[in-house]
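Asker: Protein sequence lines, in the order shown, are assigned to chains A and B.
Going from the first sequence to the numbering used here is simple: count from 1 and add 8.
Going from the second sequence to the numbering used here is simple: count from 1 and add 31.
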Amino acid sequence: MSAINELYQQLILEHNKSPRNFRTIEHADKTVEGYNPLCGDHYTIYLNVKDNRIADASFQGAGCAISKASASMMTSAIKGATVEEVESLFQKFHAVVTGKMGPDPDVEDLGSLGALAGVAEFPARIKCASLAWHAMHSVLHEMNDSPKTIVTSDTTE
Amino acid sequence: MKKNDSAMMMDVDKRVRFDIERIREDFPILHTLVHGKPLVYLDNAATTQKPLHVIDADQRYYHSQNANIHRGVHYLSEVATFEYEKARGKVKNFVNAADNHEIIFVRGATEAINLVAHGYGRKFLAEGDEVIISAMEHHSNIVPWQMVCAEKKAVLRVIPMNDEGELLMDEYEKMLSPKTKFVSVVMVSNSLGTVNPVKDIIKSAHALGVPVLVDGAQAVSHMKIDVRDLDCDFFAFSGHKVFAPTGVGALYGKAEILDRMDPYQGGGDMIESVTFEKTTYNALPYKFEAGTGNIAGVVGLGVAIDYVRRVGFEEVEEYERELLAYGTTLLSAIDGVRLVGTAREKAGVLSFVMEHVHPHDIGTILDQEGIAIRTGHHCTQPVMKRFGIPATARASLAFYNTKEELDALGRGIAKVKEIFHA
């Protein structure tokens, strides 16, 4: 498969077309905006956390296929996971899309998120894939309970 | 019969002068392979490529001419000063200014506008005064005025535009009042390609004694500039958008206004005498050129100007008009593609959006085909907001582009549609 077809594989196009958990959560425990000022990608991530687990996760907003598919897959992947499991998933995902795992990483434990591994071949697009993740990660580990945070990919990558 | 002969002669002459193959030979970077495919460079509104003449001038300067200017009595300093001031003369002729000392060298259009906002705006604006800009300004012609307006409690007003991306001149006329103290407008929009009727804008402002700055960043590579015909008070442009190096540009200002303004920065070269009690400023243009500037860049700008003048603006305008019309027809014919910016008077820019495909994804797929375009808001977020879109894909032209390259763009877009099943 060519690099471009690897990047835009069916699963990603499908998540882009019909994103999962693409809704708001009223009175969510945590709300965070992820914004890439360079390209204008802009998402709001909603999280409900109960007993150290992600009880619900959703997102809203607009951006490119990579950022939208990534946000969609992320919300599906973290739902039901413990905060520690989310942390380890975040680290693994980040390592894969930034190419730190080498050219042919083992992504079996990432499930469908492995479809985003092709992003590593496109340095200009790594920020797209990681935008929602950085936003989610920063708000999950936020100690103070500020109701709304904005995370820009400028400061996070 | 005789008339026909001379017309034919002229045609032949024109063809010889505007030989696209020869012109492309002058730009070595155009022969680059990108992902194994010939580069199709359609990001000229971001920056233009440089001809060999400019690249060689940079080398030559550092090989055999480098010294600081206006300082030493030694040979190299005289050579460098001579080359630097020779370039000033070339810029003066390029924009048809009346005098060399009306040309101030700066880092680029952004610095030129900041210089005026600072040197004129901060000195002459007062509470309640109004500054008029347009709805299609680059951030560099918005933010400096916002800053000075906030400081002086002045009001920033914006000429609106229609759905084609044309300024509503009636609204502008209504906006002008005794409160208006400055007008700053873009000549060619970088995100829409609209060529604005700056001459009319200037005429109306001058009827009230209001000075006008023209942001010419996108205009200089596409059309002949005549600041005296426009009668603008200031004209700003960047060298790198007209085939010169980055980090250099020029501000034209009418001498009588520049004389009344405060310096932008203090330092060396801009002073007449300094004591710890008082400093008196140097004469124009040095009053505005504090510190050692980009001397090699200025020399390169002079060489780039020589180059475009040799190609000839008459030929450039005619060739680019044809190219733009060809690209407009080509993109309009593709199902699912919509052009953003469809003004009657346009230059060099084909901004577009596609149904169901974000511009960023278009940019990545085209890049794999060797095609360089810009995607995003193009530093014109208010324009994006006006059209209700987050971003556009933008193909922007220079005279070294060809119809074949636009065909490649068309094939690239077909590929985007194929991948996205759009």
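Note that beta-carbon positions come from the ideal geometry of N, C-alpha and C, so glycine has one too.
Treat the numbers as computed from the prediction; the structure is a model and nothing was measured.
#1: Taking the DSSP output, what are the residues bridged to A/G42?
#2: Considering just the uninterrupted stretch of the alpha helix (DSSP H) at B/R341, what are its terminal residues?
#3: Would the stretch 34-41 of chain A and the stretch 11-18 of chain A be scored as touching if the rule is three or more Cβ pairs under 8 Å?
#4: I need the DSSP call for A/N13, collapsed to helix, strand or coil.
#5: Quick one: what's got a C-beta closer than 6 Å to B/S220's C-beta in the same chain, skipping five residues either side?
#6: With 7 Å set as the bound, which would you pick, yes or no: does the beta-carbon of A/E150 sit closer than that to a beta-carbon of chain B?
#7: DSSP three-state call for B/E349: helix, strand or coil?
#8: Do the stretch 123-132 of chain A and the stretch 61-71 of chain A make contact, defined as three or more Cβ pairs closer than 8 Å?
#9: Per DSSP, what kind of secondary structure is B/D260 in: helix, strand or coil?
#10: Can you confirm whether A/I20, when its beta carbon is compared against all beta carbons of chain B, has any partner nearer than 7 Å?
#11: Inspect the CB distances between the stretch 256-264 of chain B and the stretch 115-131 of chain B and report whether three or more fall short of 8 Å.
#12: Got a sec: which bits of the stretch 69-102 of chain A sit with their beta carbon under 9 Å from any beta carbon on chain B, in order along the chain?
#13: In the DSSP assignment, what residue or residues form a beta bridge with A/A65?
#14: Since B/R369 is in the beta strand (DSSP E), which residue starts that stretch and which ends it?
#15: Return no unless some Cβ of chain A is closer than 7 Å to the Cβ of B/G407.
#16: Output the distance between the C-alpha atoms of B/V243 and B/T78, rounded to the nearest integer angstrom.
#17: Would B/S252 be called buried (16 or more neighbouring beta carbons within 10 Å of its own) or exposed?
#18: Cβ closer than 9 Å: which chain A residues qualify as neighbours of B/Q177?
#19: Between B/Q399 and chain A, is there a C-beta pair that is closer than 7 Å?
#20: Who are the Cβ neighbours of A/T6 in its own chain at under 6 Å, not counting the five residues just before and after it?
#21: Determine the DSSP secondary structure at A/P111, reduced to helix, strand or coil.
#22: Let me check understanding here. Comparing Cα to Cα, which of B/A321, B/H271, B/I288, B/F113 lies closest to B/V339?
#23: Comparing alpha-carbon positions, which option in B/E376, B/K377, B/G372 lies nearest B/V384?
#24: Using a Cβ-Cβ cutoff of less than 8 Å, which residues in the same chain neighbour B/R46 once the five nearest sequence positions on both sides are dropped?
#25: Expressed to the nearest angstrom, what Euclidean distance is found between the alpha-carbon atoms of A/P27 and B/V226?
#26: Contact defined as beta carbons within less than 8 Å: I believe B/R425 pairs with B/H409. What is the distance between those atoms, to the nearest angstrom?
#27: Pick helix, strand or coil for B/F274, following the three-state DSSP scheme.
#28: Can a CB atom of chain B be found closer than 7 Å to the CB of A/I12?
#29: At which residues does the alpha helix (DSSP H) containing B/V219 begin and terminate?
#30: So which residues of chain A does B/F265 contact, with C-beta pairs closer than 9 Å?
#31: Name the two residues that bound the continuous alpha helix (DSSP H) containing B/V305.
#32: Below 7 Å between beta carbons: does that hold for B/I134 and B/K117?
#33: For B/R188 and B/E161, which I take to be in contact (beta-carbon distance under 8 Å), what is that distance rounded to the nearest angstrom?
Answerer: To lay it out plainly:
#1: One-based indexing of the first sequence puts residue 42 of chain A at position 34. Answer by DSSP bridge pairing, in chain order: A/Y51, A/V159.
#2: Residue 341 of chain B sits at position 310 when you count from the first residue of the second sequence. From DSSP, the alpha helix (DSSP H) with B/R341 extends over 326-342.
#3: Judged by Cβ distances under 8 Å, the stretch 34-41 of chain A makes no contact with the stretch 11-18 of chain A, as fewer than three pairs qualify.
#4: Residue mapping note: residue 13 of chain A aligns to position 5 of the first sequence, counting from 1. Helix.
#5: The sequence position of residue 220 of chain B within the second sequence is 189, counting from 1. Same-chain partners within the cutoff: M167.
#6: As a working mapping, residue 150 of chain A is identified with position 142 in the first sequence. Look at A/E150: its C-beta is not under 7 Å from any C-beta on chain B.
#7: Along the second sequence, read from residue 1 onward, the residue named residue 349 of chain B stands at position 318. Under the three-state reduction of DSSP output, B/E349 falls in the helix class.
#8: In this structure the stretch 123-132 of chain A does not lie against the stretch 61-71 of chain A, because fewer than three pairs of beta carbons, one per stretch, are closer than 8 Å.
#9: By 1-based counting over the second sequence, the position of residue 260 of chain B is 229. B/D260 carries a helical assignment under DSSP once its states are collapsed to helix, strand and coil.
#10: Here residue 20 of chain A refers to the residue found at position 12 of the first sequence. It does not; no Cβ of chain B falls within 7 Å.
#11: Touching, per the Cβ criterion.
#12: Result list: A70, G71, C72, A73, I74, S75, K76.
#13: The residue given as residue 65 of chain A occupies position 57 in the first sequence. Checking the DSSP bridge columns, you'll see A/A65 partnered with A/L55.
#14: Working through the second sequence from its first residue, we reach residue 369 of chain B at position 338. It spans 368-371 - the beta strand (DSSP E) in which B/R369 sits, taken as one unbroken run.
#15: One-based indexing of the second sequence puts residue 407 of chain B at position 376. Output row for B/G407: interface = yes.
#16: As a position in the second sequence, residue 243 of chain B is number 212, starting the count at 1. As a position in the second sequence, residue 78 of chain B is number 47, starting the count at 1. Across the structure, B/V243 and B/T78 are spaced so that their CA atoms are roughly 25 Å apart.
#17: To locate residue 252 of chain B, count along the second sequence from 1; it is residue 221. Sixteen is the threshold: when 16 or more other Cβ atoms of the shown chains lie within 10 Å of the Cβ of B/S252, as they do, the residue is buried.
#18: By one-based count along the second sequence, residue 177 of chain B stands at place 146. Ordered by position in chain A, no residue passes the 9 Å Cβ test against B/Q177, which lies about 17 Å from the chain.
#19: Along the second sequence, read from residue 1 onward, the residue named residue 399 of chain B stands at position 368. At least one chain A Cβ lies under 7 Å of B/Q399.
#20: This structure cannot settle anything about residue 6 of chain A, because the visible part of chain A is limited to 9 through 165.
#21: Here residue 111 of chain A refers to the residue found at position 103 when the first sequence is read from its first residue. In this structure, A/P111 counts as coil in the three-state DSSP scheme.
#22: On the second sequence, position 308 is the one that residue 339 of chain B refers to. Ranking B/A321, B/H271, B/I288, B/F113 by Cα distance to B/V339 puts B/H271 first.
#23: As a working note, residue 384 of chain B is residue 353 in the second sequence. B/V384 has its Cα closest to that of B/G372, out of B/E376, B/K377, B/G372.
#24: The residue you call residue 46 of chain B lines up with position 15 of the second sequence. For B/R46, the predicted model reports a pLDDT of 48, less than 50, meaning its position is unreliable; a value from the coordinates is still stated below. Apart from sequence neighbours up to five positions away, no residue of its chain approaches B/R46 with a beta-carbon distance below 8 Å.
#25: As a position in the first sequence, residue 27 of chain A is number 19, starting the count at 1. As a position in the second sequence, residue 226 of chain B is number 195, starting the count at 1. Taking the straight line joining both Cα atoms gives about 40 Å.
#26: Here residue 425 of chain B is taken as the residue at index 394 of the second sequence, counted from 1. Here residue 409 of chain B is taken as the residue at index 378 of the second sequence, counted from 1. That pair is a contact at about 6 Å.
#27: For this step, residue 274 of chain B is matched to residue 243 along the second sequence. Three-state DSSP puts B/F274 in coil, outside helix and strand.
#28: Position 4 of the first sequence, counting from 1, holds the residue named residue 12 of chain A. At least one chain B Cβ lies under 7 Å of A/I12.
#29: Numbered from 1 along the second sequence, position 188 holds the residue referred to as residue 219 of chain B. Counting along the chain, B/V219 falls outside any alpha helix (DSSP H), and DSSP gives it neither H nor E.
#30: The residue you call residue 265 of chain B lines up with position 234 of the second sequence. Those within 9 Å of B/F265 in chain A number zero; the least Cβ separation is about 29 Å.
#31: Translated into positions along the second sequence, residue 305 of chain B becomes position 274. Per DSSP, B/V305 belongs to no alpha helix (DSSP H); it is in the beta strand (DSSP E), 302-305.
#32: Reading the second sequence from its first residue, position 103 is the one you call residue 134 of chain B. Reading the second sequence from its first residue, position 86 is the one you call residue 117 of chain B. No. Outside cutoff.
#33: Indexing the second sequence from 1 puts residue 188 of chain B at position 157. Indexing the second sequence from 1 puts residue 161 of chain B at position 130. Indeed, because the Cβ distance is near 5 Å, the residues count as touching under 8 Å.
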